[in-house]
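One structure is given here, and the rest of the page talks about it.
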């Protein structure tokens, strides 16, 4: 084959790889609901191949191959595929080892640094690698100073840093990974509005399972929900909430062990405060007739209900409040049963508050969808929920405290500047701050719950004391064909 033919074949392969990873893969993700796991696996494979190819191209263009021994060069090329940050990110998510996802770009960076050694990255690099014409092998000269070594590797370091940042953001891609939302927008700012009458009329017309009448025989529950929040303000509708124990467990396991900044594995905006919301709720008759006041906890990603079981429960029971706990002897630990013996905060609970158009993300919601899928949040002015399909709960923000205030420090930034940190997972304690020490101690966790409750009570002495309700959710009763999650 001529030189031109070889070049044409190479360019064709490059074009196919770029097309597959940047055009075909997103299309497969958009069609994932029709073709299921096949589309998702194919798309992720294309993403992985595309990213590895781009990394390989960067290595080939950035490194002087002539300055490396053949063995080192083969190891470098193999590392680009084996330690592909995108591949490691997917692996970390599948294993629920989010530290692998966070540091997905580090293994390749270490391998490149070790194997490249004193390699010339460009013609302008110092000539510290020479070739012995008699022995026909490479001879490494005197090592350069560390400052020169790092200076001439700024390009590849910047590229690897970019790859690491991009791969860390992959879990946030809503098309693939459905996670609990930590940032979003309120229904009031989503660009649509609807009336209670229209919502009920449309819902009755399109969903035979829902009934318009309320459920006065069902109990009215009045209690507090909490959430760890950023400096942003938005309603808890189409969001996941918690009691104090559940909120502290989330902070302890997802937030405060990230040194230097209070972010989570799936949240890039720092948490700064703890919000307290007063919730009144009443189940629909469809749910109460099953003997339950709470439904299942649904996961929300940017306002969209992502599971479990494709959120069929909202269509069957209506937008009812969900709960989940991990107490011994109860079945309310679904859908996160893998946390059953990992949650050491006594009586920790998570909740979900379904809102309008829960099948779409915030920016995709529209009036028609809101009419077909009314919110469980009661209309403004309603004091007590009725159990109708558009009025299963009311909410009102009644207080907040800062995380600094909870920990008893003046400033998180000052703590970092002094060399301290909130919590280390490996040491199971903090440095210059010991509020979060002993994560697996039930007694220590109960003390943290008591301290948090006292902080709110001292700051808001006029607020009534409200007990956490009993989470009576049971998947064996909730799902008619358990362990299947369908309602047909």
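Residue numbers (our numbering): 406 to 893.
From the three backbone atoms N, C-alpha and C, an ideal C-beta is built for every residue, glycine too.
Coarse secondary structure for residue i, derived from DSSP in three states
i, result
"residue 698", "coil"
"residue 833", "coil"
"residue 799", "strand"
"residue 627", "strand"
"residue 436", "coil"
"residue 824", "coil"
"residue 744", "helix"
"residue 775", "helix"
"residue 809", "helix"
"residue 877", "coil"
"residue 754", "strand"
"residue 727", "strand"
"residue 705", "strand"
"residue 425", "helix"
"residue 470", "helix"
"residue 635", "coil"
"residue 514", "helix"
"residue 783", "coil"
"residue 651", "helix"
"residue 453", "helix"
"residue 791", "coil"
"residue 711", "strand"
"residue 461", "helix"
"residue 497", "helix"
Environment of residue i [buried if 16+ CB atoms lie within 10 Å]
i, result
"residue 491", "buried"
"residue 515", "exposed"
"residue 651", "buried"
"residue 474", "exposed"
"residue 824", "exposed"
"residue 839", "exposed"
"residue 659", "buried"
"residue 888", "exposed"
"residue 765", "buried"
"residue 848", "exposed"
"residue 745", "exposed"
"residue 654", "buried"
"residue 489", "buried"
"residue 657", "buried"
"residue 886", "exposed"
"residue 721", "buried"
"residue 862", "exposed"
"residue 665", "exposed"
Alpha carbon of residue i to alpha carbon of residue j, nearest angstrom
i, j, result
"residue 827", "residue 675", "14 angstroms"
"residue 874", "residue 711", "25 angstroms"
"residue 468", "residue 520", "11 angstroms"
"residue 870", "residue 699", "21 angstroms"
"residue 760", "residue 772", "13 angstroms"
"residue 424", "residue 456", "12 angstroms"
"residue 705", "residue 876", "20 angstroms"
"residue 782", "residue 769", "19 angstroms"
"residue 631", "residue 727", "14 angstroms"
"residue 689", "residue 794", "7 angstroms"
"residue 818", "residue 844", "23 angstroms"
"residue 815", "residue 807", "10 angstroms"
"residue 464", "residue 644", "43 angstroms"
"residue 533", "residue 680", "Confidence at residue 533 is low in this model, with a pLDDT of 49, below 50, so its placement is unreliable and the value that follows should be read with caution. Straight-line Cα distance between these residues: approximately 59 angstroms."
"residue 667", "residue 733", "31 angstroms"
"residue 846", "residue 868", "30 angstroms"
"residue 626", "residue 433", "44 angstroms"
"residue 483", "residue 446", "22 angstroms"
"residue 804", "residue 682", "7 angstroms"
"residue 830", "residue 662", "6 angstroms"
"residue 789", "residue 775", "22 angstroms"
"residue 508", "residue 739", "30 angstroms"
"residue 428", "residue 448", "10 angstroms"
"residue 811", "residue 756", "22 angstroms"
Enclosing alpha helix (DSSP H) for residue i [first to last residue]
i, result
"residue 484", "475-487"
"residue 686", "Taken as a continuous stretch (DSSP letters only), residue 686 belongs to no alpha helix (DSSP H), being part of the beta strand (DSSP E) at 678-686."
"residue 722", "717-722"
"residue 662", "Residue 662 -> no alpha helix (DSSP H), and no H or E assigned at all."
"residue 690", "690-693"
Chain B within 8 angstroms of residue i, Cβ atoms only
i, result
"residue 760", "In summary, chain B is missing from the structure at hand, where a single protein chain is found."
Segment limits, beta strand (DSSP E) that includes residue i
i, result
"residue 646", "644-647"
| Whole beta strand (DSSP E) elements within the segment 830-874, 3-residue minimum | You should have 834-836.
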